[in-house]
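Some notes on the structure that comes next.
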Amino acid sequence: MSTMIVDHPLVRCHLTRLRDVATEPAEFRILVQRLATLLAYEATQDLRTASCTVQTPLTQASGERLAERIGLVPILRAGLGLVDPVLNLIPSAEVWHLGLYRDEATATPVRYYEKLPRSQPVDVALILDPMLATGGSAVAAIERLRQWQVPRIKLLSVLAARAGIDRVLTQYPQTQIYVCGVDAELNDRKFIVPGLGDAGDRIFNTQG
Ligand code: PRP
């Protein structure tokens, strides 16, 4: 079982701005991108590389290249907010989308879109979703990636509730979870408290 809370001054400061109800969508999106970059930095520490040689303008230099196929799996919609920054760090990554929304009455995930190849899964999947609340959506995504036979699954979330982390690790103990912060509570609507509201609505400016 593993959960890493990325504890870093920049993470703490950006997360604080993200929580602030006065932060408008334009800034909210940028903060999510910064935090996604910092999460991805930690989540990619154990990627395997292979030795290689390049020709510099002067001579040869030995170096490394990625030796694993990486898949980014954003959970629509809010997970889309994390794709570009992670793809900037791993330009060779494949991006496979899963559409899940949380039914407002029951807080259980509903599948509505899926774009995964039939076979030849990636070596490592990075599930991207800014929020891990009850854990229902994350568990549904992991279940699907396990059916797809991905060997290593990492979950990158900006903010988690303790209950969501516990649920994911109880059902899929091998999952590696990376978060910027963990809040203790879920309210009666299963929102993270103190939380940051509805990340999808704040990213896409659909707060109505
Ligand atoms: C939010 C969030 C997660 C999920 C977390 O998505 O982005 O996907 O809820 O809740 P859970 O851990 O209890 O499953 P939402 O359903 O609001 O959809 P959206 O991304 O389209 O806004």
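Counting with this note's numbering, you get residues 969 to 1176 for the letters of the sequence shown.
Beta carbons are placed, not taken as given, at the ideal position from N, Cα and C, and that holds for glycine.
When you compare only the Cα positions, how much space is there between residue 1034 and residue 1089? Taking the first residue of the sequence shown as position 1, residue 1034 is located at position 66. Taking the first residue of the sequence shown as position 1, residue 1089 is located at position 121. Residue 1034 and residue 1089: Cα-Cα distance of roughly 16 Å.
Counting along the chain, where does the beta strand (DSSP E) carrying residue 1138 start and finish? Locating residue 1138 in the sequence shown gives position 170, where the first residue counts as 1. Element bounds for residue 1138: not the beta strand (DSSP E) but the alpha helix (DSSP H), 1130 to 1139.
Using 8 Å as the threshold, is the segment 1095 to 1107 in touch with the segment 1079 to 1087, meaning 3 or more CB pairs across them? no
Where residue 1058 falls: helix, strand or coil (DSSP): Mapped onto the sequence shown, residue 1058 falls at position 90. Coil, per DSSP.
Integer Cβ distance of residue 1011 from residue 1158, believed to fall under 8 Å: Counting from one through the sequence shown, the residue named residue 1011 turns up at place 43. Counting from one through the sequence shown, the residue named residue 1158 turns up at place 190. That pair is no contact at about 25 Å.
Cβ neighbours of residue 971 in the same chain (closer than 6 Å, five flanking residues each side left out): Reading the sequence shown from its first residue, position 3 is the one you call residue 971. 1133 and 1145.
Give a yes or no on contact between the segment 995 to 1006 and the segment 1039 to 1054, applying the rule of three or more CB pairs nearer than 8 Å. yes
Is residue 1152 helix, strand or coil by DSSP? Start at 1 with the first residue of the sequence shown, and residue 1152 comes out as number 184. Three-state DSSP puts residue 1152 in coil, outside helix and strand.
What are the boundary residues of the beta strand (DSSP E) that includes residue 1068? Mapped onto the sequence shown, residue 1068 falls at position 100. Here the beta strand (DSSP E) through residue 1068 covers 1066 to 1070.
Assuming residue 1060 contacts residue 1077 under a Cβ cut-off of 8 Å, what Cβ separation, rounded to an integer in Å, is found between them? Residue mapping note: residue 1060 aligns to position 92 of the sequence shown, counting from 1. Residue mapping note: residue 1077 aligns to position 109 of the sequence shown, counting from 1. With 8 Å as the limit, residue 1060 and residue 1077 do not qualify as a contact, their Cβ atoms being about 30 Å apart.
Stretch-stretch touch, CB-based, cutoff 8 Å, three pairs: the segment 1153 to 1170 with the segment 973 to 987: yes
Leaving out five residues on either side along the sequence, give the residues of the same chain with a beta carbon under 6 Å from the beta carbon of residue 1126. For this step, residue 1126 is matched to residue 158 along the sequence shown. Cβ neighbours of residue 1126 beyond the five flanking positions: 1003, 1098 and 1148.
Cβ-Cβ distance between residue 1047 and residue 997 below 8 Å: Start at 1 with the first residue of the sequence shown, and residue 1047 comes out as number 79. Start at 1 with the first residue of the sequence shown, and residue 997 comes out as number 29. In this structure, residue 997 does not lie closer than 8 Å to residue 1047 by Cβ.
Say yes only if the C-beta of residue 1166 is nearer than 7 Å to one or more non-hydrogen atoms of the ligand PRP, and no if none qualify. Counting from one through the sequence shown, the residue named residue 1166 turns up at place 198. Yes - the ligand PRP has a heavy atom lying nearer than 7 Å to the Cβ of residue 1166.
Backbone secondary structure at residue 1050 - three-state DSSP: By one-based count along the sequence shown, residue 1050 stands at place 82. Residue state, collapsed to three classes: helix.
Can you check DSSP and say which residues form a bridge with residue 1079? Sequence index remark: in the sequence shown, residue 1079 carries index 111 (1-based). For residue 1079, which the question treats as bridged, DSSP gives the partners 1068.
Considering Cα atoms alone, identify which of 1026, 1038, 1024 and 1017 is closest to residue 1032. Within the sequence shown, numbered from 1, the residue matching residue 1032 stands at position 64. When each option's Cα is compared against that of residue 1032, the closest is 1017.
Check the DSSP bridge columns for residue 1093 and list the partner residues they point to. Stepping through the sequence shown from its first residue, residue 1093 is reached at position 125. Residue 1093 pairs with 1039 and 1121.
Closest to residue 1093 by CA distance: which of 1129, 1156, 1142 and 1173 is it? The count along the sequence shown starts at 1 and reaches residue 1093 at position 125. It is 1142 whose Cα lies nearest to the Cα of residue 1093.
Let me confirm a value: residue 1014 is counted as buried when at least 16 other C-beta atoms fall within 10 Å, else exposed. Which label applies? Along the sequence shown, read from residue 1 onward, the residue named residue 1014 stands at position 46. Exposed, because fewer than 16 other Cβ atoms sit within 10 Å of the Cβ of residue 1014.
Using the C-alpha atoms, what's the distance from residue 1021 back to residue 1028? Here residue 1028 refers to the residue found at position 60 of the sequence shown. Here residue 1021 refers to the residue found at position 53 of the sequence shown. If I take the Cα positions, the gap works out to 7 Å.
Distance check for residue 991 and residue 1040, CA to CA, integer angstroms please. Here residue 1040 corresponds to residue number 72 of the sequence shown, with the count starting at 1. Here residue 991 corresponds to residue number 23 of the sequence shown, with the count starting at 1. One C-alpha to the other measures close to 27 Å.
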